[in-house]
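Trainee: Numbering-wise (this note's numbering), the sequence shown opens with residue 2 and increments by one. The beta-carbon is built from N, C-alpha and C at its ideal position, and this holds for glycine as well. Before anything else, here's the structure in question.
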Amino acid sequence: MSFWTRLAGRSRPDPAAAPAAGGEREPPPSQAAVSEALVRRLRQGDASALEPLYRSESPGVYRYALALCGQSDWAADAMQEAFVQFAGRPEGWDAGRGPLGAYLAGVARHHLLARWRDLPVAHDEDADDRHHDPADAPEQQLVRAQDQARVWAALQTLPWTFREAVVLVDLQERSYAEAARIAGVELNTLRTRLHRGRARLLAALQDESRPPSSAESAAIERSSKSA
2 MSFWTRLAGR SRPDPAAAPA AGGEREPPPS QAAVSEALVR RLRQGDASAL
52 EPLYRSESPG VYRYALALCG QSDWAADAMQ EAFVQFAGRP EGWDAGRGPL
102 GAYLAGVARH HLLARWRDLP VAHDEDADDR HHDPADAPEQ QLVRAQDQAR
152 VWAALQTLPW TFREAVVLVD LQERSYAEAA RIAGVELNTL RTRLHRGRAR
202 LLAALQDESR PPSSAESAAI ERSSKSA
């Protein structure tokens with residue numbers, strides 16, 4: 002069970018049941034093979050190939066964008082921009098460098114990042130090094146945070162680069178290599194961001210659940226008396 006699955010209190014579906022005994026059946030083509038065939042048609046001028054590509058790939062791109070920005074309208078815009086750009090230049094995707102979904106996620110990421118930079122919110126992994134890593138096993142502590150709504154709210158407080166690493170690896174369960182390609186960073190940088198992101202996520206959840214200190218309680222009491 003993955004880090005994110007345990008964190009969010011969700012269970013992965015059971016593997017598909019084995020086919021009934023009998024004659025052997027031709028295995029269905031993989032999603033990658035289907036996507037490659039559709040993209041070939043698109044490159045040859047067959048615009049009808051875009052619709053099945055959109056149906057198969059858009060949900061994953063939208064979920065990725067939504068997890069990054071936390072705003073459904075931004076996520077929808079980023080998803081649409083990814084497909085508009087891809088439709089205009091389908092040769093931009095190289096199947097040898099990764100699946101189509103990863104390529105589209107990367108386009109959506111760049112669209113969101115351009116908008117994100119206009120906001121007065123820190124999104125640099127070096128923006129706050131005052132947070133120290135918690136005890137040796139953050140996953141063992143995070144597994145106790147079963148409230149998915151709290152987890153998502155805490156995720157939105159992370160700087161962009163930390164959030165992206167957690168989303169790619171722990172939410173979407175992509176490999177480190179694929180996540181690094183989407184983020185456009187070296188593998189070690191991705192690992193560092195993921196480690197810090199997990200630690201910051203834990204700190205946010207712990208801070209939310211801790212009782213107020215005596216000083217905070219006194220300040221609250223003084224405020225209520227003066228009201």
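1. When you compare the stretch 149–166 with the stretch 65–74, are there three or more beta-carbon pairs, one atom per stretch, that lie closer than 8 angstroms?
2. By Cβ distance below 7 angstroms, which residues in the same chain neighbour R164 in space, the five residues on each side in sequence not counted?
3. Using 8 angstroms for Cβ pairs, my map puts L169 next to A180. What's the rounded Cβ distance?
4. So, S36 versus L54, is the Cβ gap smaller than 8 angstroms?
5. How about V40 and W94: do their beta carbons lie closer than 8 angstroms?
6. So, with DSSP's three-state summary, where would you put R90?
7. Tell me, to the nearest whole angstrom, how far the beta carbon of A50 is from that of L43; I am working on the premise that it is less than 8 angstroms.
8. Taking the straight line between their C-alpha atoms, what separation do you get for R64 and A106?
9. In whole angstroms, what is the alpha-carbon distance linking D47 and R110?
10. Ends of the alpha helix (DSSP H) at A34?
Mentor: Short version:
1. Taking one beta carbon from each stretch, the stretch 149–166 and the stretch 65–74 have 3 or more pairs nearer than 8 angstroms; the two touch.
2. In the sequence shown, the residue the question calls residue 164 occupies position 163. Here the set comprises L69, L156 and G198.
3. As a working mapping, residue 169 is identified with position 168 in the sequence shown. As a working mapping, residue 180 is identified with position 179 in the sequence shown. Between L169 and A180, the beta carbon gap of about 4 angstroms places them in contact (Cβ cut-off 8 angstroms).
4. Within the sequence shown, residue 36 is the residue found at index 35, counting from 1. Within the sequence shown, residue 54 is the residue found at index 53, counting from 1. Yes, they are a contact pair.
5. What you label residue 40 is simply residue 39 of the sequence shown in a count that begins at 1. What you label residue 94 is simply residue 93 of the sequence shown in a count that begins at 1. A contact, by the Cβ cut-off of 8 angstroms.
6. If you number the sequence shown from 1, residue 90 lands on position 89. In the structure shown, R90 sits in coil (DSSP, three-state: anything other than H, G, I, E or B).
7. What you label residue 50 is simply residue 49 of the sequence shown in a count that begins at 1. What you label residue 43 is simply residue 42 of the sequence shown in a count that begins at 1. About 4 angstroms separates the two Cβ atoms, so the contact holds.
8. Here residue 64 refers to the residue found at position 63 of the sequence shown. Here residue 106 refers to the residue found at position 105 of the sequence shown. Taking the straight line from one Cα to the other gives about 10 angstroms.
9. On the sequence shown, position 46 is the one that residue 47 refers to. On the sequence shown, position 109 is the one that residue 110 refers to. Distance between the alpha carbons of D47 and R110 is about 27 angstroms.
10. Locating residue 34 in the sequence shown gives position 33, counting from the first residue. Its alpha helix (DSSP H) spans residues Q32 to R44.
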